Amino acid sequence: WDPSTRMVRACGSIHYVAPEVLMQSYTKQADMWSMGVIVYMLLTGRPVFQGPEQEILRKIKAGKPRFSSRFLKLSEAAQDFVGRLLVKNPMDRLSAQMALEHPWIQGRHLAGAAA
5 WDPSTRMVRA CGSIHYVAPE VLMQSYTKQA DMWSMGVIVY MLLTGRPVFQ GPEQEILRKI
65 KAGKPRFSSR FLKLSEAAQD FVGRLLVKNP MDRLSAQMAL EHPWIQGRHL AGAAA
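The opening residue of the sequence shown carries number 5 in this note's numbering; numbering runs sequentially from there.
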């Protein structure tokens with residue numbers, strides 16, 4: 005497997021799939037979007053995109069999540085981490101290495117703020 009190879013087969017669960025997967029041209033950066041969705045759900049208890057399946061697909065393709073009031077109550081570091089994963093352009097999204105180095109993951113955010 006070559007990590008620079010673009011994949012073309014759309015697969016994955018609707019709530020977690022990255023915009024570029026729906027366009028059938030994606031790299032491993034699609035997994036970083038999915039991680040952003042998972043972290044968002046863990047912190048808020050809700051999916052990023054809600055509605056009927058076709059509406060969810062449309063919202064994902066647009067790549068513009070509308071964050072809930074629960075999300076906006078999280079620490080700035082947590083919001084920044086998730087927000088930098090849920091970026092439509094995979095080239096602008098955090099890489100796995102960048103995510104590991106993010107202040108929220110490293111614990112370099114407000115003391116005592118779990119999220």
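Ideal placement from N, C-alpha and C gives every residue a C-beta, glycine not left out.
Note that the coordinates shown come from a computational prediction; the quantities given were computed from them, not determined experimentally.
Measure from the C-beta of residue i to each C-beta in chain C and report whether the shortest distance is under 7 Å.
i: residue 82; result: Although the question refers to chain C, the structure presented lacks it and comprises just one protein chain.
Give the straight-line distance between the Cα atoms of residue i and residue j, rounded to the nearest whole angstrom.
i: residue 43; j: residue 58; result: 23 Å
i: residue 81; j: residue 105; result: 12 Å
i: residue 35; j: residue 98; result: 11 Å
i: residue 107; j: residue 48; result: 20 Å
i: residue 67; j: residue 92; result: 5 Å
i: residue 39; j: residue 25; result: 14 Å
i: residue 31; j: residue 103; result: 17 Å
i: residue 55; j: residue 75; result: 18 Å
i: residue 62; j: residue 90; result: 15 Å
i: residue 5; j: residue 78; result: A caution first: residue 5 carries a pLDDT of 49, below 50, which makes its placement in the model unreliable, though a value can still be read off. If I take the Cα positions, the gap works out to 38 Å.
i: residue 46; j: residue 96; result: 23 Å
Taking 6 Å as the limit between beta carbons, can you name the residues of its chain near residue i, skipping five residues before and five after?
i: residue 52; result: 41, 44, 69
i: residue 20; result: 38, 41
i: residue 85; result: 106, 108
Between residue i and residue j, is the Cβ-Cβ spacing less than 7 Å?
i: residue 28; j: residue 94; result: no
i: residue 18; j: residue 60; result: yes
Give the single residue among the options whose Cα lies nearest to the Cα of residue i.
i: residue 64; options: 102, 111, 22; result: 22
i: residue 87; options: 77, 71, 109; result: 71
Considering only residues of the same chain and omitting the five flanking positions on each side of residue i, which have a CB-CB separation below 8 Å?
i: residue 83; result: 71, 75, 76
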